[in-house]
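Read the structure below first, then the notes.
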Amino acid sequence: MTTPRDARADGAPPRDDADDAPKEACGVFGIWAPGADVARVSFFALYALQHRGQESAGIATVGESGEVFKHKGMGLVTQVFNEANLAPLVGTHAVAHTRYSTTGSSSLRNAQPYLLHTSAGPLAVAHNGNLVNAAALRAELLGRGVGLVGESDSEVMTQLLAAPAEAALGAAANSWEARLANLMRRCEGAFSVAVLTKGAVYALRDPQGFRPLCIGSIEYEGGAGRGFVVASESSAFGTIGAKFLRDVAPGEIVRLDKDGVTSLPGAVEPRTRALCVFEYVYFARPDSLFEGQMV
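Here our numbering is used: the first residue of the sequence shown is 182, the next is one more, and so on.
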């Protein structure tokens, strides 16, 4: 007779043994480019990041009115997206994700970007990495009455942004910069994240820089328009005609919006750099640039 697996102490569904096997990294992308077809640009960027995850893919966009549009599904980028479902994804900025599970099962409920409506406006999150304190953060959220539908640590990060503890922010509760700084202080482990809000795209990287994240610029409309992008790897920039600018520094929060690229005051001090060696020998494309060096 088959016996059920023990329930997990952190409240998440039981994990399959395969969850403990080595897994690939995810691909993260973000773009601020009013006037460009940001969904189509995101599609091609995800295609260039396909090697970082083949389980699911998704894109979320924000229009000029603040309305959010998204589409995500299971499978390769070219299986998830087509002309029919890309066309409705209108907007001035977007975040996108291609996933291979490191925590949480391979299912649509764990596909990213995660999208929520919050007291501070719409929020979409695309995350690459693993949090070592995810169980404690999950227990805290559940204890505060915040519901969780999946077992991914990326959902935990999203809910921490959407529903931060009031005591942690005070009068700054509706400031995304304050919420992101609080998130940086609370999370331990590896995270490179692209965050979509009504007015901006944010990018943040953990204090040790375990996972890569870089910034680029992109021209469109025959050079009349200029926008900015972030991606897990610079190899995505060549596919969309973007120019590499620099890496997001460990511990840094960057904002992409109408004012260009803004580096926000550090919420945490950077620590000894620890870019995962598997990025060089396994995860990354050989034409990507990490820390000033070709892979």
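Backbone N, C-alpha and C fix where the C-beta goes; we use that ideal spot for every residue, glycine too.
{"Query": "Exposure of residue 446, with buried meaning 16 or more beta-carbon neighbours within 10 Å", "Result": "exposed"}
{"Query": "Rounded C-alpha distance that separates residue 397 from residue 259", "Result": "24 Å"}
{"Query": "Nearest candidate by alpha-carbon position, reference residue 213, set 408, 235, 298 and 414", "Result": "408"}
{"Query": "Terminal residues of the alpha helix (DSSP H) in which residue 443 lies", "Result": "That residue, residue 443, is in no alpha helix (DSSP H); its beta strand (DSSP E) goes 441-445."}
{"Query": "As assigned by DSSP and simplified to three states, the class of residue 358", "Result": "helix"}
{"Query": "Short CB-CB distance (under 8 Å) between residue 256 and chain C", "Result": "Going by chain labels, chain C is absent from the structure shown, which holds only one protein chain."}
{"Query": "The stretch 264-278 contacting the stretch 353-373, beta-carbon criterion three pairs below 8 Å", "Result": "no"}
{"Query": "Beta strand (DSSP E) runs wholly inside the stretch 299-325, at least 3 long, in chain order", "Result": "302-312"}
{"Query": "Host beta strand (DSSP E) of residue 385 (start-end)", "Result": "382-386"}
{"Query": "Classification of residue 313 by the beta-carbon crowding that lies within 10 angstroms, buried from 16 upward", "Result": "exposed"}
{"Query": "Alpha carbon of residue 415 to alpha carbon of residue 327, nearest angstrom", "Result": "36 Å"}
{"Query": "Top-ranked residue by Cα proximity to residue 216, from 303, 431, 399 and 321", "Result": "399"}
{"Query": "Residue from 279, 329 and 402 with nearest C-alpha to residue 308", "Result": "279"}
{"Query": "Residue 368 - partner residues in DSSP beta bridges", "Result": "Bridge partners of residue 368: none, in fact."}
{"Query": "For residue 323 and residue 411, the rounded distance between their alpha carbons", "Result": "32 Å"}
{"Query": "Per-residue burial, residue 237 [other beta carbons within 10 Å of its own, 16 or more giving buried]", "Result": "buried"}
{"Query": "Reduced DSSP secondary structure (H/G/I, E/B, other) of residue 416", "Result": "helix"}
{"Query": "Inter-residue spacing [alpha-carbon to alpha-carbon] between residue 211 and residue 425", "Result": "14 Å"}
{"Query": "Residue nearest to residue 336 in terms of C-alpha spacing, selected from 263, 350 and 364", "Result": "364"}
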